[in-house]
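A.B. asks: My questions will all concern the structure given below.
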């Protein structure tokens, strides 16, 4: 009887895409800050031999966080849309669709970052150009944040506000 008043799992489901897209955007911002540090002029030369080993360790762990967050966002948004098919208000479903498109859009950038990531990780031992590949990765990363992650987050804020 009172369980819906104290804890309503449907409300949790409605808010889940906002929570996971917030985490995705925060993760992306932290990656931008952290990885940009290697490109600072005063340490760029020292970054060259360190970056492949460091990035291999970090990327191998972080990629699973990003995949999990985006798949969770997509799944929660799809479940919300599926469970609320009968809703008459057009606004909220449009926000969930837009947010889900942004989360899917994040994953569509994989082909554009795969090359630079692979070259950074495999640059150990040879004359690396890891910092140049990191610049390429960060360029794509910035675009992805602006056209996928940020719009998804904004859409889910809109979705939650229109519930």
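Numbering (the working numbering), first residue to last: 169 to 331.
Ideal placement from N, C-alpha and C gives every residue a C-beta, glycine not left out.
#1: So for residue 253, helix, strand or coil by DSSP?
#2: Flag this pair as yes or no: are the beta carbons of residue 248 and residue 309 separated by less than 9 Å?
#3: Is DSSP giving residue 208 helix, strand or coil here?
#4: Would a check of beta-carbon distances place residue 195 closer than 9 Å to chain B?
#5: Just the C-alpha distance for residue 232 and residue 184, rounded to the nearest angstrom, thanks.
#6: Is residue 322 near residue 301, with beta carbons less than 9 Å apart?
#7: Helix, strand or coil for residue 246? Go by DSSP, reduced to three states.
#8: Tell whether a beta-carbon distance below 9 Å holds between residue 220 and residue 307.
#9: Can you name, in chain order, every residue of its own chain whose Cβ lies under 8 Å from the Cβ of residue 201, other than the five neighbours on each side?
#10: Considering only C-alpha positions, which residue in the set 313, 264 and 268 is nearest to residue 277?
#11: Tell me the rounded alpha-carbon separation between residue 169 and residue 188.
#12: Buried or exposed: residue 128, going by 16 or more other Cβ atoms within 10 Å of its Cβ?
#13: May I have the straight-line CA-CA distance separating residue 230 from residue 175, to the nearest angstrom?
C.D. replies: With the structure as the only source:
#1: Mapped onto the chain shown, residue 253 falls at position 85. DSSP places residue 253 in coil when its eight states are reduced to three.
#2: By one-based count along the chain shown, residue 248 stands at place 80. By one-based count along the chain shown, residue 309 stands at place 141. Taking 9 Å as the Cβ cut-off, residue 248 and residue 309 do not qualify as a contacting pair.
#3: Residue 208 sits at position 40 when you count from the first residue of the chain shown. Residue 208 falls in the coil class under three-state DSSP.
#4: Among the chains in the structure shown there is no chain B, since it carries only a single protein chain.
#5: For the purposes of this step, residue 232 is taken as residue 64 along the chain shown, with counting starting at 1. For the purposes of this step, residue 184 is taken as residue 16 along the chain shown, with counting starting at 1. Those two C-alpha atoms are separated by around 18 Å.
#6: To locate residue 322, count along the chain shown from 1; it is residue 154. To locate residue 301, count along the chain shown from 1; it is residue 133. Their beta carbons are not under 9 Å apart, which means residue 322 does not touch residue 301 by this criterion.
#7: The count along the chain shown starts at 1 and reaches residue 246 at position 78. Residue 246 carries a helical assignment under DSSP once its states are collapsed to helix, strand and coil.
#8: Locating residue 220 in the chain shown gives position 52, where the first residue counts as 1. Locating residue 307 in the chain shown gives position 139, where the first residue counts as 1. In this structure, residue 307 does not lie closer than 9 Å to residue 220 by Cβ.
#9: On the chain shown, residue 201 is found 33 positions in, with the first residue counted as 1. The answer is none, since no qualifying residue turns up.
#10: One-based indexing of the chain shown puts residue 277 at position 109. For residue 277, the closest C-alpha among the options 313, 264 and 268 is that of 313.
#11: In the chain shown, the residue the question calls residue 169 occupies position 1. In the chain shown, the residue the question calls residue 188 occupies position 20. In this prediction, residue 169 has a pLDDT of 46, which is less than 50 and means its spatial position is unreliable; nothing more can be read from the coordinates.
#12: Here the chain covers residues 169 to 331 and nothing more, so residue 128 does not appear.
#13: In the chain shown, the residue the question calls residue 230 occupies position 62. In the chain shown, the residue the question calls residue 175 occupies position 7. So the alpha carbons of these two residues sit roughly 32 Å apart.
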